[in-house]
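**Q**
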Amino acid sequence: MKVTVFTLEFPPNIYGGVGVHVSNITKVLARYCDVEVRTIGEKYSSEDYHSVHVRRYPCWSDIISRTCEKFRPVFKAYSISLAVNSEPIDSDIVHFHTWYMALGGLYAKKLYNVKLVATVHSLEPMRPWKREALGSGYNLSMWAEIQGLKECDAIIAVSGQTEEDIVKSYGISRDKIHVIHNGIDAEVWRPREDLRVLERYGIRRPYALFVGRLSRQKGIFTLVEAAKIVGENCQFVFATGKPDERSILEEFKRKIRDIDNIVWINKMLNINELIPLYTMASVFVCPSIYEPFGIVNLEAMATETPVVASRVGGIPEIVKDGETGILVEPNNPEQLADAITYLLENPEEAVEMGRRGRRRVLKEFTWEKIAEKTFKLYCSLLD
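Using my numbering, read the sequence shown as starting at 211 and increasing by one per residue.
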C-alpha cells in the first residue's frame, strides 16, 4: 500500500498542531506502508524525512503578490492544491489535512482515481472570526472545505465533538466519519527541568503557561484578563506563534503593555525549550473559544503539568475534570482565574493531577496507537 499525504505544514514549516500531527503520524505510518508527503516549498525539492519521502512545491508567488492581502491565504491554498497534483500520483490513497488542501484532494481523486481520506482538525464554519482576516475569501475557504470533504471515502475527526460539528455543518453521513484522536510522542515529551530556559526569558516561579497562536480562537484576551485578576503572585507566560492577523498582534501588545506579571515570548520555541517550560510551570492554561482537540493539552499532560482548559470542542475528551486538570467555561476570566489560583494554592493536588495526566497519555494518546487505527482505516477502504 502507498499513501500520499497533502499538507500545508511539514517540518521545518510548522506553526500549529496540524504540523505536529502530520510530522509525527507519517513517521509511524511509514512502518506500515509507503508514505509520501506533498507540501509547500519556496522551490521544487525532493528529500527524505525519516522513512517518508517528501516533495515540496512552490505556489504562484507572482500571482499571490498581486492579490488583495485578505485573499492571499485562499489564493495560496488554491495554487498549492494544483501544484501537489502536477506530478503523477501512483498511490492507493491520498490523505489531506485542513481546508488548505481540500481541493488538492478533490483534484487527486478525479485525476488519479485514488481513495480519498481527510483529517478534520477544525472546521471553517466553526470559526466565523476568520472573516475578519479573510474578508469574503472566507466564503471560498468554506466552499473548498465542503467540496473536498464531500468527495472523501473516509473522514477522520480528531474528536467526538468534531464529528458532531461535521454532521451539523455539512450534513455528511456519520458512516463516513471515524473518530481518531491526536497523539504525542511520550518518549520525547517527558518531564525535564532546565532552569537556564527560565533565566533566558526572565521567568520566575510560580508561573502559568500558554502555548499557541495569537488568535481569538485561542482565548488569549480572556487569559490576559485572568492574569490581572490573579495578580503579582504568579507570572503568566505567553509563548506564541504567528498571529492570525496584524490587528490581533497590535491589540495583544496594547492590552499587555501595563501588566507586570505577563512574560511574552514572541516566537515558536523549539522542543528543547518547550519541554522544560511545560515541566516547570505550575499550571498549563488552554482558554480556547473553539478547540477541536488541542495537542498542547497532551504536551502539558505528558510533562506532568496540570491543565486548566475551556470546556469546549474535544478538550473534555482529553482533560478529565478534577483528575488531570480543571475545566472552565470559555470567555470567563473570573472562573479561569479561580481555577488557576486553586492549583497554585493546592500544590500537592496539582502534582497528583499532573502524574495522572501522564498516565492517561501513555494509555490513550501515543502516536503508535493513532497510526495503527489510521492504517486499519486505510485497509478497510481497499478491501
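Quick reminder that beta carbons are idealized off the backbone N, C-alpha and C, glycines included.
(1) Between His-260 and Ala-287, which are expected to be in contact by the criterion C-beta below 8 Å, what is the C-beta distance as a whole number of angstroms?
(2) Considering only DSSP beta bridges, list what Gln-445 is partnered with.
(3) List the whole-angstrom C-beta distance separating Arg-521 from Leu-537, where the pair is believed to meet the contact cut-off of C-beta under 8 Å.
(4) Shortest alpha-carbon distance to Lys-340 belongs to which of Glu-373, Ile-466, Arg-410 and Pro-453?
(5) What do you reckon, are the CB atoms on Val-571 and Met-511 nearer than 7 Å?
(6) Distance, Cα to Cα, Ile-439 vs Thr-372?
(7) Count Cβ pairs between the region 403–415 and the region 379–393 that sit closer than 8 Å; are there 3 or more?
(8) Report buried or exposed for Arg-568, applying the criterion of at least 16 other Cβ atoms within 10 angstroms of its Cβ.
(9) To the nearest angstrom, how far is it from the Cα of Arg-282 to the Cα of Ile-250?
(10) With DSSP as the reference, label Ser-256 as helix, strand or coil.
(11) At what residues does the alpha helix (DSSP H) containing Asp-272 begin and finish?
(12) Assuming the contact rule is C-beta atoms closer than 8 Å, Asn-507 and Ala-491 should be a hit. Round their C-beta distance to whole Å, please.
(13) I'd like to know whether the C-beta of Leu-484 is nearer than 7 Å to at least one C-beta of chain B.
(14) Let me know the secondary structure DSSP gives Gly-381 once reduced to three states.
(15) Let me make sure I understand the geometry here. Which of Val-230, Glu-544 and Glu-574 has the alpha-carbon closest to that of Lys-530?
(16) Which residue comes first and which comes last in the beta strand (DSSP E) that contains Lys-325?
(17) Just reading off the alpha helix (DSSP H) that Trp-353 is part of, what are its end residues?
(18) Taking all protein chains shown into account, decide if Ser-498 is buried (16 or more other Cβ within 10 angstroms of its Cβ) or exposed.
(19) Have a look at Gly-315, Ala-449 and Pro-486 and flag the residue whose alpha-carbon is nearest the alpha-carbon of Asp-302.
(20) What number of angstroms, rounded off, separates the C-alpha of Ile-458 from the C-alpha of Lys-428?
(21) Per DSSP, what are the beta-bridge partners of Ser-520 in this structure?
(22) Can you confirm whether the region 271–281 touches the region 290–298 when touching is taken to mean that 3 or more C-beta pairs between the two stretches lie within less than 8 Å?
(23) So, for Tyr-254: in the same chain, excluding its five sequence neighbours on each side, which residues have a beta-carbon less than 7 Å away from its beta-carbon?
(24) Which residues bound the beta strand (DSSP E) around Trp-577?
(25) Buried or exposed: where does Ser-264 fall if 16 or more other Cβ atoms within 10 Å of its Cβ makes it buried?
(26) Return yes when the C-beta of His-231 is under 6 Å from any heavy atom of the ligand ATP, and no when it is not.
(27) Apart from the five residues just before and just after Gly-451, which ones in its own chain have a Cβ nearer than 8 Å to its Cβ?
(28) Could you tell me the alpha carbon to alpha carbon distance between Gly-229 and Glu-460, rounded to whole angstroms?
(29) How big is the Cα-Cα spacing for Cys-362 and Glu-578?
(30) With a Cβ-Cβ cutoff of 7 Å, do Leu-587 and Ala-364 count as a contact?
(31) Report the option in Gly-564, Arg-248 and Arg-467 whose CA atom is closest to the CA atom of Arg-493.
(32) Taking just the CA atoms, how far does Thr-584 sit from Ala-354?
(33) Can the beta-carbon of Ser-383 be found less than 7 Å from the beta-carbon of Glu-527?
(34) Which value, in whole angstroms, describes the spacing of the CA atoms of Ser-233 and Pro-221?
(35) How would you label Pro-298, buried or exposed, when you count the other beta carbons within 10 angstroms and need 16 or more for buried?
(36) Pull up the CB-CB distance for Thr-513 and Trp-399, whole angstroms please, since I reckon it's below 8 Å.
**A** So, from the listed chains and residues:
(1) Residue numbering aside, residue 260 sits at position 50 when the sequence shown is read from its first letter. Residue numbering aside, residue 287 sits at position 77 when the sequence shown is read from its first letter. Actually they are not in contact, since the Cβ atoms of His-260 and Ala-287 sit about 27 Å apart, beyond 8 Å.
(2) Working through the sequence shown from its first residue, we reach residue 445 at position 235. Tyr-417, per the DSSP bridge assignment.
(3) In the sequence shown, the residue the question calls residue 521 occupies position 311. In the sequence shown, the residue the question calls residue 537 occupies position 327. Rounded, the Cβ-Cβ distance is 4 Å, consistent with contact.
(4) In the sequence shown, counting from the first residue as 1, residue 340 sits at position 130. The option with the nearest alpha carbon to Lys-340 is Pro-453.
(5) What you label residue 571 is simply residue 361 of the sequence shown in a count that begins at 1. What you label residue 511 is simply residue 301 of the sequence shown in a count that begins at 1. Yes.
(6) Walking along the sequence shown from the start, residue 439 turns up at place 229. Walking along the sequence shown from the start, residue 372 turns up at place 162. Approximately 32 Å, taken between the alpha carbons.
(7) no
(8) For the purposes of this step, residue 568 is taken as residue 358 along the sequence shown, with counting starting at 1. It is buried - the Cβ of Arg-568 has at least 16 other Cβ atoms within 10 Å.
(9) On the sequence shown, residue 282 is found 72 positions in, with the first residue counted as 1. On the sequence shown, residue 250 is found 40 positions in, with the first residue counted as 1. Rounded to whole angstroms, Arg-282 to Ile-250 spans 15 Å at the Cα level.
(10) Stepping through the sequence shown from its first residue, residue 256 is reached at position 46. In the structure shown, Ser-256 sits in a strand (DSSP, three-state: E or B).
(11) The sequence position of residue 272 within the sequence shown is 62, counting from 1. Run containing Asp-272: 271–274, per the alpha helix (DSSP H) assignment.
(12) Translated into positions along the sequence shown, residue 507 becomes position 297. Translated into positions along the sequence shown, residue 491 becomes position 281. Not really, about 13 Å apart at Cβ, beyond 8 Å.
(13) In summary, chain B is missing from the structure at hand, where a single protein chain is found.
(14) What you label residue 381 is simply residue 171 of the sequence shown in a count that begins at 1. It is coil, neither helix nor strand.
(15) Indexing the sequence shown from 1 puts residue 530 at position 320. Closest in C-alpha terms to Lys-530, from the list Val-230, Glu-544 and Glu-574, comes Glu-574.
(16) Taking the first residue of the sequence shown as 1, we reach residue 325 at position 115. Per DSSP, the unbroken beta strand (DSSP E) holding Lys-325 starts and ends at 325–330.
(17) One-based indexing of the sequence shown puts residue 353 at position 143. Start and end: 347–360.
(18) Numbered from its first residue, the sequence shown carries residue 498 at position 288. Buried is the call here.
(19) For the purposes of this step, residue 302 is identified with residue 92 of the sequence shown, where counting begins at 1. Just measuring C-alpha positions, the residue of Gly-315, Ala-449 and Pro-486 sitting nearest Asp-302 is Gly-315.
(20) Numbered from its first residue, the sequence shown carries residue 458 at position 248. Numbered from its first residue, the sequence shown carries residue 428 at position 218. Looking at the two C-alpha atoms, the distance is approximately 12 Å.
(21) On the sequence shown, residue 520 is found 310 positions in, with the first residue counted as 1. Answer is Val-538, bridged to Ser-520.
(22) no
(23) Sequence index remark: in the sequence shown, residue 254 carries index 44 (1-based). So the qualifying residues of the chain are Arg-266, Tyr-267 and Pro-268.
(24) What you label residue 577 is simply residue 367 of the sequence shown in a count that begins at 1. First-last for Trp-577: 577–592, but that is the alpha helix (DSSP H), not the beta strand (DSSP E).
(25) Within the sequence shown, residue 264 is the residue found at index 54, counting from 1. One detail in the question is off: residue 264 reads as Val in this sequence, not Ser. A buried status is given to Val-264, since no fewer than 16 other beta-carbon atoms sit within 10 Å of its beta-carbon.
(26) Questions concerning the ligand ATP fall outside what the structure shown contains, since it holds no ligand whatsoever.
(27) Working through the sequence shown from its first residue, we reach residue 451 at position 241. The residues Tyr-225, Gly-226, Gly-422, Arg-423, Leu-424, Lys-477 and Met-478, in chain order, have a CB closer than 8 Å to that of Gly-451 in the same chain once the five nearest residues on each side in sequence are set aside.
(28) In the sequence shown, the residue the question calls residue 229 occupies position 19. In the sequence shown, the residue the question calls residue 460 occupies position 250. For Gly-229 and Glu-460, the distance between alpha carbons rounds to 26 Å.
(29) Position 152 of the sequence shown, counting from 1, holds the residue named residue 362. Position 368 of the sequence shown, counting from 1, holds the residue named residue 578. So the alpha carbons of these two residues sit roughly 24 Å apart.
(30) Here the question's residue 587 lines up with position 377 in the sequence shown. Here the question's residue 364 lines up with position 154 in the sequence shown. Yes. Within cutoff.
(31) What you label residue 493 is simply residue 283 of the sequence shown in a count that begins at 1. The question names Arg, yet the displayed sequence has Val at residue 493. Of the listed residues, the one whose Cα sits closest to Val-493 is Gly-564.
(32) Within the sequence shown, the letter at position 144 stands for residue 354. Within the sequence shown, the letter at position 374 stands for residue 584. Those two C-alpha atoms are separated by around 24 Å.
(33) As a position in the sequence shown, residue 383 is number 173, starting the count at 1. As a position in the sequence shown, residue 527 is number 317, starting the count at 1. The answer is no: Cβ separation not under 7 Å.
(34) One-based indexing of the sequence shown puts residue 233 at position 23. One-based indexing of the sequence shown puts residue 221 at position 11. When rounded, the distance between both Cα atoms is 7 Å.
(35) Along the sequence shown, one-based indexing puts residue 298 at 88. Taking a 10 Å sphere around the C-beta of Pro-298, we find fewer than 16 other C-beta atoms and assign the residue as exposed.
(36) For this step, residue 513 is matched to residue 303 along the sequence shown. For this step, residue 399 is matched to residue 189 along the sequence shown. Contact flag correct, Cβ pair sits at about 6 Å.
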